[in-house]
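Numbering (the UniProt record's numbering), first residue to last: 1 to 396.
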């Protein structure tokens, strides 16, 4: 189970590994098809696992060494977002398997029913439903960066640094396909099976959040509004198909967004070997004069090529993404070094030693200019939630 610091109640959670087979007749699983031979079976290694426990001032971890899986669960004792979620890494090696797929299942006591949530390319959250009338494979969906289940009290989010398939086959469960080894082609154009497996490392973060007491009223009003909307749609509905607009909208919390960015945009440490030895220490490089708002992310900052000769021009592309987040989850002692600013971003004090001589809003691909340019280095950008904005800027 997982118990959050400062709380007495423990959230029950169980992690297990499962094995899916493939059909013995007709079409079989392949690179593009997932056709299991039934429900998943428990993964049973030949030998009992070797368990290694490490404790220290900065983190504590437990590593379990199975025949095909090396699982490490690490808990950081650090301020900030690192210490608010559980770090999970798995090294999978199924090269000796034949037509098998290995999955990881999280089972909790969260009353999520048949509903779970997955992201769409890390941009927005889509509500998913488990349908018993559909085959098992039809209930799996892509998970580029996160998936979560929730009830009126809690939310459990599984963050991932690699895109995988996910489903929730029962209430309180999340199931992720970790690796696949399939020996035959599925006649979908690849021309071969999946037989080039390597030892694969999958990284996750498990984040448990609680609903804040003030969100109960808003939750009740949201449900009431949803019922009225469903009633209106049922009266106006011409066909029997359910309208997608009747599904409730869900967003990750601000902590969940920051956790996902830490996992997918981690710093790359590149040590330098000084052969001569005793060289001068490198100077610190701090391009930003202040931290960005928590809900604004720099997608790209790159120099544009000149239109004539292809050499670098004086213009730079600045692409910003403002995330939408759920305010109904507890936000105590998050340890953020940033704040929100209602979508306002001041360019005057954004970079060290650089001033903006030109700020031109453009289309997403920089092909068309939108609005009039600003020549002031003290201009302020206004970003809407769930939007990506592109600017052509020039530094003086």
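We treat Cβ as the ideally placed atom computed from N, Cα and C, and that holds for glycine.
**Asked** Could you give the distance in angstroms between the alpha-carbon of residue 102 and the alpha-carbon of residue 194?
**Response** Locating residue 102 in the chain shown gives position 102, counting from the first residue. Locating residue 194 in the chain shown gives position 194, counting from the first residue. C-alpha separation (whole angstroms): 14 Å.
**Asked** For residue 60, which residues of its own chain have a beta-carbon under 6 Å away from its beta-carbon, when the five flanking residues on both sides are left out?
**Response** One-based indexing of the chain shown puts residue 60 at position 60. So the list reads 75, once near-sequence residues are dropped.
**Message:** Assuming residue 256 is part of the alpha helix (DSSP H), what are its boundary residues?
**Reply:** Counted from its first residue, the chain shown places residue 256 at position 256. First-last of the alpha helix (DSSP H) with residue 256: 254-264.
**Prompt:** If you follow the beta strand (DSSP E) that residue 161 is part of, which residue opens it and which one closes it?
**Reply:** If you number the chain shown from 1, residue 161 lands on position 161. That residue, residue 161, is in no beta strand (DSSP E); it is neither H nor E in DSSP.
**Message:** Is the beta carbon of residue 177 closer than 9 Å to that of residue 13?
**Reply:** Locating residue 13 in the chain shown gives position 13, counting from the first residue. Locating residue 177 in the chain shown gives position 177, counting from the first residue. No, these two residues do not count as a Cβ contact at 9 Å.
**Asked** If you count every other CB in all the chains shown that lies within 10 Å of the CB of residue 352, and 16 or more means buried, which is it?
**Response** Here the question's residue 352 lines up with position 352 in the chain shown. Exposed.
**Prompt:** What are the start and end residues of the beta strand (DSSP E) that includes residue 87?
**Reply:** Within the chain shown, numbered from 1, the residue matching residue 87 stands at position 87. Run containing residue 87: 86-92, per the beta strand (DSSP E) assignment.
**Request:** Could you have a look at residue 55 and say whether DSSP puts it in helix, strand or coil?
**Result:** By 1-based counting over the chain shown, the position of residue 55 is 55. Strand.
**Asked** Are three or more beta carbon pairs between the stretch 138-157 and the stretch 108-127 nearer than 8 Å?
**Response** yes
**Request:** Leaving out five residues on either side along the sequence, give the residues of the same chain with a beta carbon under 6 Å from the beta carbon of residue 70.
**Result:** Here residue 70 is taken as the residue at index 70 of the chain shown, counted from 1. Cβ within range, chain order: 91.
**Prompt:** Taking just the CA atoms, how far does residue 203 sit from residue 210?
**Reply:** As a first step, residue 210 is located in the chain shown; it is residue number 210 there, counting from the start. As a first step, residue 203 is located in the chain shown; it is residue number 203 there, counting from the start. Across the structure, residue 210 and residue 203 are spaced so that their CA atoms are roughly 24 Å apart.
**Asked** Whose C-alpha, out of 317, 154 and 350, is nearest the C-alpha of residue 286?
**Response** In the chain shown, the residue the question calls residue 286 occupies position 286. Closest option to residue 286, Cα to Cα, is 350.
**Cβ contact (3+ pairs, closer than 8 Å) linking the stretch 380-390 and the stretch 317-336** = yes
**Message:** residue 65 and residue 88 - do their beta-carbons sit closer together than 9 Å?
**Reply:** Reading the chain shown from its first residue, position 88 is the one you call residue 88. Reading the chain shown from its first residue, position 65 is the one you call residue 65. No, the Cβ-Cβ distance between residue 88 and residue 65 is not below 9 Å.
**Prompt:** Is it true that the CB of residue 190 sits closer than 9 Å to the CB of residue 31?
**Reply:** Walking along the chain shown from the start, residue 31 turns up at place 31. Walking along the chain shown from the start, residue 190 turns up at place 190. For residue 31 and residue 190, yes; Cβs fall inside 9 Å.
**Asked** Roughly how many angstroms separate the alpha carbons of residue 4 and residue 257, rounded to a whole number?
**Response** Residue mapping note: residue 4 aligns to position 4 of the chain shown, counting from 1. Residue mapping note: residue 257 aligns to position 257 of the chain shown, counting from 1. C-alpha separation (whole angstroms): 19 Å.
**Message:** Does residue 26 pass the burial test, meaning 16 or more other C-beta atoms within 10 Å, or should it be called exposed?
**Reply:** Looking up residue 26 in the chain shown gives position 26. Result: exposed.
**Request:** Measuring alpha carbon to alpha carbon, tell me which of 308, 369, 363 and 295 ends up nearest residue 345.
**Result:** Within the chain shown, numbered from 1, the residue matching residue 345 stands at position 345. Measuring from the Cα of residue 345, the nearest candidate turns out to be 295.
**Request:** Specify the secondary structure class of residue 33 as computed by DSSP and reduced to three states.
**Result:** The count along the chain shown starts at 1 and reaches residue 33 at position 33. Correct three-state label for residue 33: coil.
**Prompt:** Short check: CB of residue 372 to CB of residue 362, under 9 Å?
**Reply:** In the chain shown, the residue the question calls residue 372 occupies position 372. In the chain shown, the residue the question calls residue 362 occupies position 362. No, these two residues do not count as a Cβ contact at 9 Å.
**Asked** residue 115 to residue 15, Cα distance in whole Å?
**Response** The sequence position of residue 115 within the chain shown is 115, counting from 1. The sequence position of residue 15 within the chain shown is 15, counting from 1. In a straight line, the C-alpha of residue 115 is about 20 Å away from that of residue 15.
**Request:** Under the assumption that residue 154 contacts residue 11 (Cβ atoms under 8 Å), give the Cβ distance between them as a whole number of angstroms.
**Result:** Position 154 of the chain shown, counted from the start, is the residue given in the question as residue 154. Position 11 of the chain shown, counted from the start, is the residue given in the question as residue 11. Between residue 11 and residue 154 the Cβ distance is about 6 Å, and since that is below 8 Å, they are a contact.
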